[in-house]
Amino acid sequence: HLKDDATEYAKEDKVKDLVQHYSEFITHPIYIRTTTTMTVDVEDDEEEDDEPKVVEDIEVGEDEDDAEKPKKTEEVTTHSWEEVNTNPAIWTREKDSITDEEYKSFWNVVAKEPSTECEKWSHFNAEGNINFRSILYLPKDVPSHYRFGNVDAVEGGMKLYVRKVLISDEFDLMPRYLGFIRGVIDSDDLPLNVNRETLQESKILKIIKKKVVRKAIDMIRNFAKEDPPTDEEDEVEAEIDDEGNVVDSDPVEKEHPYLEWYKKFSNNLKMGVIDDDANRSKLAKLLRFQTSKSGDKWISLDEYVENMHDWQTEIFVLAGTKREDIEKSPFLEEFNNRDIEVLYLTEAVDEYLMQTLRDYDGKKFQQISAENVKLKDEDEDLVKRREKAYKNKFKPLTKWLKQLYGQSVMRVQVSKRLGSVPAIVSSSEYGHSANMERIMRAQAYQWGQDEFSMRAMKILEINPRHPFVVKLLDGAPGEDDEDAKVDADVENAAWLLFDMASLNGGFPLADTLAHSKRLSNYLQSSLSVDSLDLEDEIDPPEEDLEAPDVDLDGVDGLNMEDFNMDGIDLD
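Numbering (full-length UniProt numbering), first residue to last: 1 to 571.
In structure tokens form, the structure reads like this:
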């Protein structure tokens with residue numbers, strides 16, 4: 001007997017769904033009695049005469065006896081038994097007895113997305129305080145709910161079974177950053193009648209989760225270590241020279257399958273580095289970056305450390321919106337001149353990654369867009385003496401510029417790492433970079449917060465060897481003559497220098513209207529324009545609107561009746 005609000009459990013489809021959900025893999029077959037109703041044709045039961053029928057020859061017209069008589073139909077109801085748990089529990093078998101095709105076929109059962117494919121899988125038996133068997137799958141493409149921004153929708157990703165009976169697919173057996181992992185876990189040590197709420201808080205589930213996460217990371221790590229596949233079946237057309245000889249060509253290097261997968265799931269791994277303290281070092285080894293020396297290749301942090309100079313103790317990084325913008329950054333110029341490799345950080349999550357991943361293999365990460373970046377490939381004593389000399393020489397200029405810019409900058413200082421640019425705005429050593437400020441501004445706008453409180457602490461670094469800076473030093477007031485009046489052109493040039501330095505450092509202009517006015521003043525001075533007053537409106541001469549006279553002499557003799565179109569070639 002069923003209650004009035006539970007009548008749906010008597011329906012065939014509902015029962016089938018429940019069996020397939022909870023008892024899909026149990027050993028014994030489960031059959032459901034199904035009812036099928038179909039429409040069939042019924043033959044006419046006509047009595048046949050004993051006497052033979054005489055068929056006369058008759059003429060049949062076009063409209064006589066051509067149309068078939070409609071057949072009679074009736075509905076017939078049949079009953080049959082259908083087995084609903086036909087999928088095998090392959091995780092109970094030994095790995096050596098399972099083919100790749102069986103693993104791939106089981107992926108479709110676990111993922112419930114026939115159009116997707118799996119990249120790798122891991123089949124293992126865990127023994128210890130609690131024993132269980134598991135198969136984990138690494139999807140080839142990003143799940144559909146990830147593409148729509150719903151990274152929390154991981155229902156059904158990992159299924160927990162007890163003796164092949166589903167307990168739940170809603171437990172957080174995987175952390176949020178591994179929510180794309182699909183698989184099954186089956187344990188004989190758990191009771192079937194355990195309360196789900198109790199199990200969620202139990203130590204057993206925490207032990208299972210810890211082991212499964214470690215196995216998932218190992219699966220990805222082994223994938224990254226695999227040798228790239230070689231496709232011997234691909235035939236490359238040989239190049240022949242003028243004499244008929246085969247020209248040796250460089251082999252085309254294929255992209256590693258892991259790198260192709262990594263580009264889709266890199267944000268997940270970086271979120272793991274941020275959130276998972278226990279596995280941070282393992283996850284950091286899985287990261288890949290483009291650098292100033294790698295070209296189109298992506299390298300690991302281990303490869304970067306291996307390529308470091310002997311004197312180098314830091315891993316240099318530079319953040320930006322995309323690789324093309326980073327490569328144009330003035331911050332990179334001096335590093336390229338000295339053959340120092342710099343990692344490119346092109347994802348928004350990279351800024352948060354650097355706040356958590358402070359070092360790798362004993363090497364500290366250093367943003368080259370921050371102040372006080374030291375390159376230790378020079379004589380330290382010479383560098384210190386030179387810095388002191390430049391600081392004393394340009395002290396009047398740095399002091400005046402700080403007074404001029406006010407709160408726009410935290411301080412003005414001389415720098416020796418600028419290459420060919422006259423100045424650049426950097427961030428404080430422990431402050432936000434220009435890229436981080438851009439990200440926080442967008443977030444502040446999204447959530448309606450005050451964006452001005454999220455501005456970076458700006459440092460203006462000037463190049464003491466650049467002609468612009470040297471010329472500004474000549475126009476700046478002396479150190480003991482602070483009240484001296486500065487020429488308007490010099491002050492305008494100083495502000496243009498600051499605007500240029502802000503753009504060089506990746507910062508937006510704080511006041512675009514003021515910048516436009518300064519450019520206007522510069523154009524006025526360069527073009528020697530005395531006044532910006534507009535000239536009077538132009539006074540054009542009046543036009544003669546009378547129709548011109550037409551000479552009609554000879555027109556009287558024109559007769560249109562004598563005009564023949566046949567003689568005209570219109571082609």
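For glycine and all other residues, C-beta sits at the position ideal for the given N, C-alpha and C.
**Request:** Can you check the region 335–420 for any beta strand (DSSP E) of at least 3 residues that lies completely inside it and give the ranges in chain order?
**Result:** 343–345, 363–367, 411–414
**Prompt:** Mind checking whether F498 and L460 have CB atoms under 8 Å apart?
**Reply:** yes
**Asked** Which residues in the same chain have their Cβ closer than 8 Å to the Cβ of D41, if we skip the five residues on either side of it in sequence?
**Response** In the same chain as D41, and ignoring 5 residues on each side of it, the C-beta atoms closer than 8 Å to its own belong to K71, K72, T73, in chain order.
**Message:** Which of the three DSSP states is assigned to R133 in this structure?
**Reply:** strand
**Asked** Are M219 and L138 closer than 8 Å when you measure CB to CB?
**Response** Against a cut-off of 8 Å, the Cβ pair of L138 and M219 comes out as a contact.
**Asked** Applying the criterion that 16 or more other CB atoms from any shown protein chain within 10 Å of the CB defines a buried residue, is K458 buried or exposed?
**Response** buried
**Prompt:** Which two residues bound the contiguous beta strand (DSSP E) that contains K104?
**Reply:** Looking at the DSSP string, K104 is not in any beta strand (DSSP E); the run it does join, the alpha helix (DSSP H), is 100–111.
**Prompt:** With 16 as the cutoff for other CB atoms within 10 Å, does I240 come out buried or exposed?
**Reply:** exposed
**Asked** Mind checking A493: buried by the 16 CB within 10 Å criterion, or exposed?
**Response** The residue is buried, with at least 16 neighbouring Cβ atoms inside 10 Å.
**Asked** When the Cβ atoms of the region 399–412 are set against those of the region 317–327, are three or more pairs found closer than 8 Å?
**Response** Contact check between the region 399–412 and the region 317–327: fewer than three CB pairs, one atom from each, fall below 8 Å, which does not count as touching.
**Prompt:** Going by Cα to Cα distance, which pick from P228, Q355, T34, I90 is closest to M436?
**Reply:** Q355
**Message:** Let's see if you can read the secondary structure: which residues bound the beta strand (DSSP E) around W261?
**Reply:** Looking at the DSSP string, W261 is not in any beta strand (DSSP E); the run it does join, the alpha helix (DSSP H), is 257–275.
**Message:** On the DSSP letters alone, give me the boundaries of the alpha helix (DSSP H) that A484 sits inside.
**Reply:** The continuous stretches of alpha helix (DSSP H) do not include A484, and DSSP gives it neither H nor E.
**Prompt:** DSSP on F124, reduced to helix/strand/coil?
**Reply:** Here F124 sits in strand by DSSP.
**Request:** State yes or no: is the C-beta of V305 within less than 8 Å of the C-beta of K211?
**Result:** no
**Message:** Am I right that H515 and L509 are in contact with their C-beta atoms under 8 Å? What's the rounded C-beta distance?
**Reply:** 5 Å
**Asked** Roughly how many angstroms separate the alpha carbons of H309 and A484, rounded to a whole number?
**Response** 49 Å
**Prompt:** Taking the continuous beta strand (DSSP E) assigned at F316, which residues delimit it?
**Reply:** 314–319
**Item:** Distance between K203 and V409 (C-alpha atoms, nearest Å)
**Value:** 54 Å
**Asked** Among residues of its own chain, excluding the 5 on either side of T398, which ones have a beta-carbon nearer than 6 Å to its beta-carbon?
**Response** V412
**Message:** I need the DSSP call for V142, collapsed to helix, strand or coil.
**Reply:** coil
**Prompt:** Less than 8 Å separating the beta-carbons of A488 and S427?
**Reply:** no
**Request:** Hey, could you find the ends of the beta strand (DSSP E) D41 is sitting in?
**Result:** It spans 31–42 - the beta strand (DSSP E) in which D41 sits, taken as one unbroken run.
**Message:** Quick check: what's the CA-CA separation for W298 versus I462?
**Reply:** 34 Å
**Request:** Tell me where the alpha helix (DSSP H) around S168 begins and ends.
**Result:** That residue, S168, is in no alpha helix (DSSP H); its beta strand (DSSP E) goes 165–168.
**Prompt:** Using a threshold of 7 Å, is the CB atom of F331 nearer than that to any non-hydrogen atom of the ligand ADP?
**Reply:** The model depicted lacks the ligand ADP and carries no ligand whatsoever.
**Contacting residues, own chain, Cβ-Cβ under 7 Å from N307 (five flanking each side not counted)** = By the criterion of a C-beta distance shorter than 7 Å, N307 is surrounded in its chain by E341, once the five residues flanking it on both sides are discounted.
**Request:** Please list, in chain order, all residues of the same chain as E8 whose beta carbon is under 8 Å from its beta carbon, the five residues on each side excluded.
**Result:** Around E8, the same chain offers K14 as residues with beta carbons nearer than 8 Å, after the five sequence neighbours per side are excluded.
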